[in-house]
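From first to last, the protein sequence lines are chains P and E. Residues in the first sequence are numbered consecutively from 1, following the numbering used here. Residues in the second sequence are numbered consecutively from 201, following the numbering used here. Beta carbons: idealized from backbone N, C-alpha and C, even for Gly. The next block holds one structure in the form of structure tokens; read it before the comments.
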Amino acid sequence: MTADIHRDDLASKTGMWLFLFTEMLLFGGLFVVYSVYRYRNSQAFHLAAEELSVFIGTINTIILLVSSTTIAMSITAIQKKNKKLALLLIGITILLGLAFLVNKYFEWGSHIREHIYPGSPVLALRGQGDVLFYGLYFFMTGLHALHIIIGLVFIGVIASKIVRNKIDSGNYVLLENSGLYWHLVDLIWIFLFPLFYLIT
Amino acid sequence: MNTQKEIAEPSYLDYKGRYKGLFSWIFSTDHKRIGLLYLFSILSLFVIGATLGLLMKFELIAPGKTIMGPQAYNAFFTLHGIVMIFAVVIPGLPAVFGNFLLPIMIGAKDVAFPRLNLFSWYLYVTGVTLVIISQFAGEGPPDTGWTFYAPYSFRTTGTMLPAVFGAFVLGFSSILTGLNFLVTIHRMRAPGMTWLKMPLFPWSLYATAWVQLLATPIIGITLLMVVAERTLHIGFFDPSLGGDPLLYQHLFWTYSHPAVYIMILPAMGAISEIITTFSHKTIFGYKFMVVSVLAIAFVGYFVWGHHMFTSGMSGTALYTFSLLTFLVAIPSAIKVFNWISTMHKGSIDLQTPFYWAIAFIFVFMIGGFSGLILGSLAANVHLHNTHFVVAHFHFIVFGGTGFAFFGAMHYWFPKITGKMYDKRWANIGLILFFIGFITLYGPMFYLGFKGMPRRYFDYDEVFHAGNIISTMGSWVLYSGLAIIIINLFSSLKGGAKAPSDPWGGKTLEWTIPSPPPVENFTETPVITKGPYDYK
Numbered sequence: 001m002t003a004d005i006h007r008d009d010l011a012s013k014t015g016m017w018l019f020l021f022t023e024m025l026l027f028g029g030l031f032v033v034y035s036v037y038r039y040r041n042s043q044a045f046h047l048a049a050e051e052l053s054v055f056i057g058t059i060n061t062i063i064l065l066v067s068s069t070t071i072a073m074s075i076t077a078i079q080k081k082n083k084k085l086a087l088l089l090i091g092i093t094i095l096l097g098l099a100f101l102v103n104k105y106f107e108w109g110s111h112i113r114e115h116i117y118p119g120s121p122v123l124a125l126r127g128q129g130d131v132l133f134y135g136l137y138f139f140m141t142g143l144h145a146l147h148i149i150i151g152l153v154f155i156g157v158i159a160s161k162i163v164r165n166k167i168d169s170g171n172y173v174l175l176e177n178s179g180l181y182w183h184l185v186d187l188i189w190i191f192l193f194p195l196f197y198l199i200t
Numbered sequence: 201m202n203t204q205k206e207i208a209e210p211s212y213l214d215y216k217g218r219y220k221g222l223f224s225w226i227f228s229t230d231h232k233r234i235g236l237l238y239l240f241s242i243l244s245l246f247v248i249g250a251t252l253g254l255l256m257k258f259e260l261i262a263p264g265k266t267i268m269g270p271q272a273y274n275a276f277f278t279l280h281g282i283v284m285i286f287a288v289v290i291p292g293l294p295a296v297f298g299n300f301l302l303p304i305m306i307g308a309k310d311v312a313f314p315r316l317n318l319f320s321w322y323l324y325v326t327g328v329t330l331v332i333i334s335q336f337a338g339e340g341p342p343d344t345g346w347t348f349y350a351p352y353s354f355r356t357t358g359t360m361l362p363a364v365f366g367a368f369v370l371g372f373s374s375i376l377t378g379l380n381f382l383v384t385i386h387r388m389r390a391p392g393m394t395w396l397k398m399p400l401f402p403w404s405l406y407a408t409a410w411v412q413l414l415a416t417p418i419i420g421i422t423l424l425m426v427v428a429e430r431t432l433h434i435g436f437f438d439p440s441l442g443g444d445p446l447l448y449q450h451l452f453w454t455y456s457h458p459a460v461y462i463m464i465l466p467a468m469g470a471i472s473e474i475i476t477t478f479s480h481k482t483i484f485g486y487k488f489m490v491v492s493v494l495a496i497a498f499v500g501y502f503v504w505g506h507h508m509f510t511s512g513m514s515g516t517a518l519y520t521f522s523l524l525t526f527l528v529a530i531p532s533a534i535k536v537f538n539w540i541s542t543m544h545k546g547s548i549d550l551q552t553p554f555y556w557a558i559a560f561i562f563v564f565m566i567g568g569f570s571g572l573i574l575g576s577l578a579a580n581v582h583l584h585n586t587h588f589v590v591a592h593f594h595f596i597v598f599g600g601t602g603f604a605f606f607g608a609m610h611y612w613f614p615k616i617t618g619k620m621y622d623k624r625w626a627n628i629g630l631i632l633f634f635i636g637f638i639t640l641y642g643p644m645f646y647l648g649f650k651g652m653p654r655r656y657f658d659y660d661e662v663f664h665a666g667n668i669i670s671t672m673g674s675w676v677l678y679s680g681l682a683i684i685i686i687n688l689f690s691s692l693k694g695g696a697k698a699p700s701d702p703w704g705g706k707t708l709e710w711t712i713p714s715p716p717p718v719e720n721f722t723e724t725p726v727i728t729k730g731p732y733d734y735k
């Protein structure tokens with residue numbers, strides 16, 4: 001209801017950074033839980049981690065890193081008033097994000113076909129360490145995938161704003177914020193990847 | 201000068217925007233209207249929560265079943281806890297008075313993100329709705345207590361999911377409010393308002409906002425884990441699946457102890473404003489007040505273990521948490537000392553808000569000292585899970601935050617509504633409230649010390665006398681509350697018109713008309729002096 005429109009890009013970015021803090025703490029709680037159970041069940045976590053496909057994990061890491069680059073490049077493109085290039089780069093980012101999800105889908109699918117999912121009787125027979133490892137695996141990668149989906153929607157909205165010229169070289173803080181969010185999602189994966197796939 | 205401005209600029213209550221009626225409120229992004237949205241939601245929930253408390257006290261008037269059985273009693277204290285903690289006390293002062301006054305007190309037109317601010321209120325309403333749904337859906341209301349302790353929280357047949365998810369949503373609302381305030385304070389202070397020229401209420405909101413932002417995500421993820429535990433049987437906290445219930449307690453209190461400071465810090469800020477204004481004297485030790493607020497917020501992160509002294513921790517952990525608990529009392533004591541020193545040689549104007557502030561100091565001290573008793577290890581083993589704990593946290597949370605809330609309400613009521621209230625009835629309400637409060641919670645210290653456990657609908661015959669006194673106190677308290685609320689509401693219609701500065705306050709909100717115009721300030725104020733410039 002405020003009559004005049006107040007715009008403060010630095011405030012928007014500060015707000016985004018603060019929000020990213022909360023996201024980090026959200027996952028931080030899970031990292032604490034992970035460390036406690038890894039410490040208590042190191043043998044089981046070690047063996048279970050060897051069953052995950054390092055290949056798909058690596059591909060997904062590369063996909064996310066490249067997508068972080070493309071969204072960062074799209075900001076430069078907007079700054080240089082190259083709307084087409086910016087949209088192209090954002091399109092690539094979205095495609096890469098979708099590719100990540102597709103990989104994740106096949107990865108989860110292969111586990112579930114082997115009857116490894118939370119609450120599965122087959123998993124329960126394998127012992128508590130495995131139950132906890134896969135419980136954490138599904139919960140943490142699932143929450144991360146949810147963040148990917150939210151990020152994709154966010155970036156999609158930004159793209160439509162660029163098409164309608166609501167975001168241009170003079171006003172691109174929203175694009176920067178979506179970039180920040182995307183980098184955070186990327187960063188969290190950078191931690192999830194070694195915790196679940198590499199430390200064996 | 202003021203009258204001219206009032207004609208030129210309609211107040212936020214008279215402003216005609218795009219919407220009319222109810223929509224002009226629930227679609228408004230004006231921080232003042234959002235503050236009032238919160239005020240009405242929180243007051244309604246407070247009355248519901250208080251009524252639940254009243255009924256629980258009535259159950260305890262005699263041993264055995266009086267009006268409800270064990271299951272109903274469990275459901276009552278669970279709902280009472282969830283509503284009072286997550287929906288009333290945590291958002292209470294920041295969301296109501298913070299929203300209304302923070303921008304005005306730092307000379308801004310609104311908060312940094314007005315639409316996000318409105319969104320927080322929608323989240324709040326969603327969270328509350330989920331909690332209400334949990335009462336009527338499924339196989340019966342939740343019965344775990346507001347702490348949702350594992351493993352019971354995923355074994356009980358009560359409808360836990362909406363309640364737990366509701367608490368999660370309320371937490372998210374609280375995070376966004378904190379985020380909004382942090383950016384507002386960093387970016388929108390009026391020209392000349394340096395950090396050390398900022399009044400203490402905004403300072404306390406600043407410290408609170410950091411706690412909201414940095415602690416709440418932990419409970420967010422913990423509650424999500426409980427949801428996953430119940431739906432997917434993951435085994436985070438279930439011993440039969442290898443999980444650890446103690447880990448739940450750690451994660452829960454990592455948030456929920458700092459949450460106590462979300463409740464009490466803004467209360468301290470409001471009390472600082474009231475005491476300065478009615479003593480007509482600069483606050484004693486302004487910088488110490490600022491540092492102590494920040495210190496409480498900081499040290500408050502590291503004391504959560506004192507909720508778990510009897511749960512099973514290493515000796516080193518016990519000593520450390522106990523020591524830190526004692527340390528956090530120091531900045532609180534500095535604040536009490538400075539409040540008293542502010543009154544010393546001031547020209548005190550005995551008005552209703554000032555009485556509330558004095559009552560606050562009294563009950564807060566009792567609550568604080570009993571906290572030290574609970575913080576010492578040996579005493580804690582004896583007192584843990586007794587009524588002593590119930591008395592302690594009601595003295596802090598209800599006595600501290602509740603008294604400050606009503607104090608703030610009587611202090612800023614003229615500014616918010618543009619009307620004066622009936623001071624005589626306000627004082628009568630306060631006296632009944634205070635007497636009822638002491639009579640209700642005072643005996644609980646004794647009962648707890650004698651060994652009466654909390655969270656039971658029944659008790660041994662030896663505790664009968666104390667419980668009768670306590671229950672009668674609840675009636676006095678409730679009638680005091682009724683008088684206070686009725687008095688304020690009837691003043692909305694019949695009250696005299698409030699001047700822009702009825703109390704002789706010096707902070708910025710008293711320089712603009714009551715009720716404030718939509719844009720708060722016709723000209724952005726330029727600050728040259730400290731916040732409490734009494735000569």
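For E/Ile421 and E/Ser440, the gap between their C-alpha atoms comes out near 22 Å.
The segment 309–327 of chain E and the segment 371–378 of chain E touch, with three or more beta-carbon pairs separated by less than 8 Å. Of the candidates E/Ile558, E/Thr416, E/Met388 and E/Pro270, E/Pro270 places its Cα closest to the Cα of E/Gly345. DSSP places E/Thr229 outside both helix and strand once states are collapsed to three, so it counts as coil. The Cβ neighbour count for P/Lys166, taken over all protein chains shown within 10 Å, is under 16; the residue is labelled exposed.
Its Cα nearest to that of P/Leu10, the residue P/Tyr172 stands out among P/Tyr172, P/Leu195 and P/Leu101.
Approximately 6 Å separates the beta-carbon atoms of E/Thr476 and E/Thr542; this is inside 8 Å, confirming the contact.
Secondary structure at P/Thr200: coil, using DSSP grouped into helix, strand and coil. Remark: fewer than three beta-carbon pairs, one from each stretch, lie closer than 8 Å, so the segment 449–459 of chain E and the segment 37–47 of chain P are not flagged as touching. Listed along the chain, the chain P residues whose CB falls inside 8 Å of the CB of E/Arg387 are Asp8, Leu10, Ala11 and Thr14.
At a cut-off of 9 Å, the C-beta of P/Thr141 has no neighbouring C-beta in chain E. Just so you know, the alpha carbons of E/Ile462 and P/Leu95 end up roughly 42 Å apart. Cα atoms of P/Ile92 and P/Thr70: separation of roughly 7 Å, rounded to the nearest angstrom. Residues of the same chain with a CB within less than 6 Å of the CB of E/Ile534, apart from the 5 flanking positions on each side, are Phe488 and Ser492 in chain order.
E/Ala409 is classed as buried because its beta carbon has at least 16 other beta carbons within 10 Å across all chains shown.
Remark: C-beta atoms of E/Ala467 and E/Thr601 approach each other more closely than 9 Å. The alpha-carbon of E/Gly469 is positioned some 50 Å away from that of P/Leu198. Per DSSP, the continuous alpha helix (DSSP H) segment holding E/Phe637 begins and ends at Lys623 to Phe649. Below the 9 Å Cβ cutoff, chain E contributes Leu413, Leu414, Ala415, Thr416, Pro417, Ile418, Gly420 and Ile421 as neighbours of P/Leu25, in chain order.
The Cβ of P/Gly127 sits closer than 9 Å to at least one Cβ of chain E.
A straight line joining the alpha-carbon of E/Leu301 with that of E/Glu709 spans about 7 Å.
When secondary structure is reduced to three states using DSSP, P/Asp186 falls in the helix class. With respect to E/Gly695, E/Met609 sits apart: the two C-beta atoms are not nearer than 9 Å. From the beta-carbon of E/Val383, the residues of chain P found nearer than 8 Å are Ala11, Thr14, Gly15 and Leu18.
For P/Asp130, the enclosing alpha helix (DSSP H) starts and ends at Gln128 to Val163. Taking the Cα of P/Thr14 as reference, the smallest distance to any Cα among P/Tyr134, P/Arg38, P/Trp189 and P/Asn177 is reached at P/Asn177.
A Cβ-Cβ contact shorter than 9 Å links E/Ile290 with E/Ala459. Within its own chain, the residues whose Cβ lies closer than 7 Å to the Cβ of E/Gly512, once the five positions on either side in sequence are excluded, are Leu446, listed in chain order.
Collapsing the DSSP output to three states places P/Ser110 in a helix. From the beta-carbon of E/Ile290, no residue of chain P is found nearer than 9 Å; the closest lies around 16 Å away. With its beta carbon at least 9 Å from every one in chain E, P/Asn177 lies outside the interface. Annotated three-state conformation of E/Ser522 is helix, per DSSP. For E/Phe276 against E/Met268, the beta-carbon gap comes to about 7 Å, under 8 Å, which counts as contact. Take the alpha-carbon of E/Glu429 and the one of E/Phe437: they are about 8 Å apart. Comparing alpha-carbon positions, the option among E/Tyr656, E/Thr724, E/Ile333 and E/Leu692 lying closest to E/Ala262 turns out to be E/Tyr656. The C-alpha of E/Gly307 is placed about 13 Å away from the C-alpha of E/Gly298.
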